[in-house]
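A.B. asks: Note that the working numbering has the sequence shown beginning at -10, numbered continuously upward.
Sharing a structure with you now.
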Amino acid sequence: MALTAKQATARVNTLYAELKTRRGPVDKRERYFKGDQPLCYASPEFRRFHGERFEGWSDNWCGVVGSAAPELTEFASIHLGEDADDLSSDERVLLRDWNINDGQSKSSQGFLSGAVTSRSFAMVWGNRDDEPVLTWEHASQVIVAYWADGSQRDQLKAWVEDDKEFATYFAEDLVWKFERPKSISSYASSGLVLPASFASDGGWSPRQAASDDTWPLPNPLGVLPIVEFPNRPLLGDGPISDIEGTMAGQDAANLMWAYLFGAADYASMPARVVMGQEPPKVPILDANGQKVGEAPIDIEQLTRGRMLWLTGQNTTIGQWDSAKLDVFTGVIDTLVKHIGAQTKTPLNYLGALSNVNGETLDGLRTPLHMKVRDGHKHLSGPQRETFRRMALVRGNTAVAEACRTAVIGWKNPETSSDAATSDAALKDKQIGWSDAGILERRYGMGQQEIDKELQRRIEQTSSDPIIGAARALTGGAGAPAGGL
């Protein structure tokens, strides 16, 4: 049953309220990923003396952890039906639409943003030529609601441009567009001025673009156009950010660096102590320059001057030796190693290991590779649904149905030397792997690259004089075309 305008507005307000609660954590995670990290855990005394000095500095491991898995996550191929080696005409159309929309670049940005914020969204719509248009949406602008069985209920995209706020609400049958002034207010019956969110309609009014024939618009896809890509979701708790646990360790490491810099600053000259005398006083002068009194000197100024004044019966002067700074670096190294272990980030990524052989490096990267492969399981379903919507835009319902059970291929996250790759490919061939399977698994080729390489092999063998002579001697038989 189609919604009324009032019901659609109510759903917009409900979804917008939930989206607004997500924006705070999303913004914080992105700031930490970019290195914008406030000094945390410091004592009030330390903040008072040094807080501003370290305000713009951070040792950004959130950027390393957040980028590690997305850098190894790349879509490679889609296979419809049971023939997994041949690139059918339907698959070619899907991959062509993907490439025209710069799918690799957009998905790369989406996977990175999803790893940091916990989710990203792909939206598929059609242009006037009934060709699919793919965009990747940010977690702060889009929310998808689900029914109890996990199926999508409805969707909202909300954003701000200049002095207006826009919202597009997607239902399976209709698309509702709204807008409102960014600083809109409404009056309650008591005369109080309330934010727009307190109004019954949220302050939203219909928005109809010049190219829109009606309001609301019909949804020609028959399905909701936005697909959520969750980052390693937990059962019953939703997706998680790769850097959620790293941020606390990052705060601790930054505090240790601040302590180290502060200690290094103080250790650059001896710290002196005067005992047995009252602190010096500053004379108070009148307008004529005559002394009319005295005021005690600011103790904090003495402290900043590396001097501590102690009163007592006997006057002595002493100083402290320079601080040992390696105590702080040892704690930082331990924190960084903990971050690597907790996030499955190789220690060589974090600069905590050097001068190791290739086998050791492969072993260090194994947990990250397993993390990426596990992520493929959660990304394959949304990738299928994205291609399904591309097929629906073209009106090809048969291909759209086949996309629901398509096999999604991903680039191999493991990296190795050329010699190791060739050796592994040879062993794969010896145990019976297909040429296409070896090119995909060992060399990370997509289906289009595989087809091109196999075609080259066919052309090469057909022009080889030795193979031609062998075929002539055997009556036309010879080595099969292609092959590694």
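C-beta: ideal position from N, C-alpha, C; glycine also.
Being a predicted model, the structure only gives us computed values, none of them experimental.
In angstroms with no decimal places, state the Cα-to-Cα distance between Ile89 and Ile439.
C.D. replies: The residue you call residue 89 lines up with position 100 of the sequence shown. The residue you call residue 439 lines up with position 450 of the sequence shown. Rounded to whole angstroms, Ile89 to Ile439 spans 19 Å at the Cα level.
A.B. asks: Thinking Val164 and Asn208 are a contact (beta carbons under 8 Å), I'd like their distance in whole angstroms, please.
C.D. replies: Sequence index remark: in the sequence shown, residue 164 carries index 175 (1-based). Sequence index remark: in the sequence shown, residue 208 carries index 219 (1-based). About 5 Å; that satisfies the 8 Å criterion.
A.B. asks: Suppose you measure from the CA of Gly471 to the CA of Gly103; what does that come to, to the nearest Å?
C.D. replies: Against the sequence shown, residue 471 aligns to sequence position 482. Against the sequence shown, residue 103 aligns to sequence position 114. Any reading at Gly471 needs caution, since the residue's pLDDT is 48, under 50, leaving its predicted position unreliable; the model's value is listed next. C-alpha separation (whole angstroms): 40 Å.
A.B. asks: Is the beta carbon of Leu336 closer than 9 Å to that of Gly347?
C.D. replies: The sequence position of residue 347 within the sequence shown is 358, counting from 1. The sequence position of residue 336 within the sequence shown is 347, counting from 1. No, these two residues do not count as a Cβ contact at 9 Å.
A.B. asks: Roughly how many angstroms separate the alpha carbons of Ile397 and Pro27, rounded to a whole number?
C.D. replies: Translated into positions along the sequence shown, residue 397 becomes position 408. Translated into positions along the sequence shown, residue 27 becomes position 38. Ile397 and Pro27: Cα-Cα distance of roughly 41 Å.
A.B. asks: Just mark Gln436 as buried or exposed, buried being the case when its beta carbon has 16 or more other beta carbons within 10 Å.
C.D. replies: Within the sequence shown, residue 436 is the residue found at index 447, counting from 1. So Gln436 counts as buried.
A.B. asks: Put Ala284 into one of helix, strand or coil per three-state DSSP.
C.D. replies: For this step, residue 284 is matched to residue 295 along the sequence shown. Looking at Ala284 - three-state DSSP - the assignment turns out to be strand.
A.B. asks: As an exercise, report each continuous alpha helix (DSSP H) stretch of at least 4 residues that is fully enclosed by the region 396 to 457, in chain order.
C.D. replies: Counting only runs of 4 or more, we get 407 to 419, 424 to 432 and 436 to 451.
A.B. asks: Assess contact between the region 25 to 41 and the region 141 to 150, defined as three or more Cβ pairs (one per stretch) separated by less than 8 Å. Is contact present?
C.D. replies: These segments do not touch.
A.B. asks: One question on the structure: do Gln331 and Asp48 come within less than 9 Å of each other, judged by their Cβ atoms?
C.D. replies: For this step, residue 331 is matched to residue 342 along the sequence shown. For this step, residue 48 is matched to residue 59 along the sequence shown. Not a contact, by the Cβ cut-off of 9 Å.
A.B. asks: Answer with buried or exposed for Lys171, where buried requires no fewer than 16 other C-beta atoms within 10 angstroms of its C-beta.
C.D. replies: Taking the sequence shown and counting its residues from 1, the one referred to as residue 171 is at position 182. It is exposed - the Cβ of Lys171 has fewer than 16 other Cβ atoms within 10 Å.
A.B. asks: Please state whether DSSP places Trp171 in a helix, a strand or coil.
C.D. replies: Numbered from its first residue, the sequence shown carries residue 171 at position 182. Looking at the sequence shown, residue 171 is not Trp but Lys. DSSP places Lys171 in coil when its eight states are reduced to three.
A.B. asks: Considering only the alpha carbon of each residue, which of Arg383, Glu71, Gly426 and Lys416 lies closest to Asp118?
C.D. replies: For this step, residue 118 is matched to residue 129 along the sequence shown. That would be Arg383, whose Cα lies nearest to the Cα of Asp118.
A.B. asks: Three-state secondary structure (DSSP) at Thr10?
C.D. replies: Within the sequence shown, numbered from 1, the residue matching residue 10 stands at position 21. In this structure, Thr10 counts as helix in the three-state DSSP scheme.
A.B. asks: Thinking C-beta only, is Val281 closer than 9 Å to Asp275?
C.D. replies: Numbered from 1 along the sequence shown, position 286 holds the residue referred to as residue 275. Numbered from 1 along the sequence shown, position 292 holds the residue referred to as residue 281. Yes, they are a contact pair.
A.B. asks: For the beta strand (DSSP E) that Leu145 lies in, which residues bound it at each end?
C.D. replies: Stepping through the sequence shown from its first residue, residue 145 is reached at position 156. Its beta strand (DSSP E) spans residues Gln141 to Glu150.
A.B. asks: When burial is assigned at 16 or more other CB atoms within 10 Å of the CB, is Gly139 buried or exposed?
C.D. replies: Along the sequence shown, one-based indexing puts residue 139 at 150. Classification for Gly139: exposed.
A.B. asks: Is Val133 near Val122, with beta carbons less than 9 Å apart?
C.D. replies: Counting from 1 along the sequence shown, the entry for residue 133 is found at position 144. Counting from 1 along the sequence shown, the entry for residue 122 is found at position 133. Cβ distance not < 9 Å, so Val133 and Val122 don't count as in contact.
A.B. asks: Alpha carbon to alpha carbon, what distance is there between Gly115 and Trp46?
C.D. replies: In the sequence shown, the residue the question calls residue 46 occupies position 57. In the sequence shown, the residue the question calls residue 115 occupies position 126. Approximately 46 Å, taken between the alpha carbons.
A.B. asks: Tyr248: buried (16+ other C-beta within 10 angstroms of its C-beta) or exposed?
C.D. replies: The sequence position of residue 248 within the sequence shown is 259, counting from 1. Buried.
A.B. asks: DSSP on Lys313, reduced to helix/strand/coil?
C.D. replies: As a first step, residue 313 must be located in the sequence shown, where it is residue number 324. If DSSP states are grouped into helix, strand and coil, Lys313 belongs with coil.
A.B. asks: List the endpoints of the continuous beta strand (DSSP E) containing Pro121.
C.D. replies: In the sequence shown, counting from the first residue as 1, residue 121 sits at position 132. Segment Pro121 to Glu126, the beta strand (DSSP E) holding Pro121.
A.B. asks: Within 10 Å of its beta-carbon, does Gly278 have 16 or more other beta-carbons around it, so buried, or fewer, so exposed?
C.D. replies: Sequence index remark: in the sequence shown, residue 278 carries index 289 (1-based). The residue in question, Gly278, is exposed, as its Cβ has fewer than 16 Cβ neighbours within 10 Å.
A.B. asks: When the distance is taken between beta carbons, is Met245 closer than 9 Å to Phe317?
C.D. replies: As a working note, residue 317 is residue 328 in the sequence shown. As a working note, residue 245 is residue 256 in the sequence shown. Cβ atoms of Phe317 and Met245: closer than 9 Å.
A.B. asks: Using only alpha-carbon positions, find the residue among Tyr21, Glu283 and Lys326 that is nearest to Ser230.
C.D. replies: Mapped onto the sequence shown, residue 230 falls at position 241. Closest option to Ser230, Cα to Cα, is Tyr21.
A.B. asks: Closer than 6 Å by C-beta to Ala241: which residues in its own chain qualify, once you throw out the five before and the five after it? Chain order, please.
C.D. replies: Here residue 241 corresponds to residue number 252 of the sequence shown, with the count starting at 1. Correct list, in chain order: Leu324.
A.B. asks: Give me, in chain order, the residues of the same chain whose beta-carbon lies closer than 6 Å to that of Trp50; leave out the 5 immediate sequence neighbours on both sides.
C.D. replies: Position 61 of the sequence shown, counted from the first residue, corresponds to residue 50. Once the five neighbours on either side are set aside, the close Cβ partners of Trp50 are Gln239 and Ile328.
A.B. asks: Going by DSSP, what residues sit across from His68 in a beta bridge?
C.D. replies: Indexing the sequence shown from 1 puts residue 68 at position 79. His68 pairs with Val396.
A.B. asks: Lys95 to Leu350, Cα distance in whole Å?
C.D. replies: As a working note, residue 95 is residue 106 in the sequence shown. As a working note, residue 350 is residue 361 in the sequence shown. About 30 Å.
A.B. asks: Quick check on DSSP: helix, strand or coil for Lys(-5)?
C.D. replies: Here residue -5 refers to the residue found at position 6 when the sequence shown is read from its first residue. It is helical.
A.B. asks: Which whole-angstrom value is the C-beta distance of Thr375 and Ala111, which I expect to be below 8 Å?
C.D. replies: Mapped onto the sequence shown, residue 375 falls at position 386. Mapped onto the sequence shown, residue 111 falls at position 122. Rounded, the Cβ-Cβ distance is 5 Å, consistent with contact.
A.B. asks: Under a three-way DSSP split, which group does Phe187 fall into?
C.D. replies: Position 198 of the sequence shown, counted from the start, is the residue given in the question as residue 187. Annotation note: pLDDT 49 at Phe187 (below 50); position unreliable, coordinate value reported separately. In the structure shown, Phe187 sits in a helix (DSSP, three-state: H, G or I).
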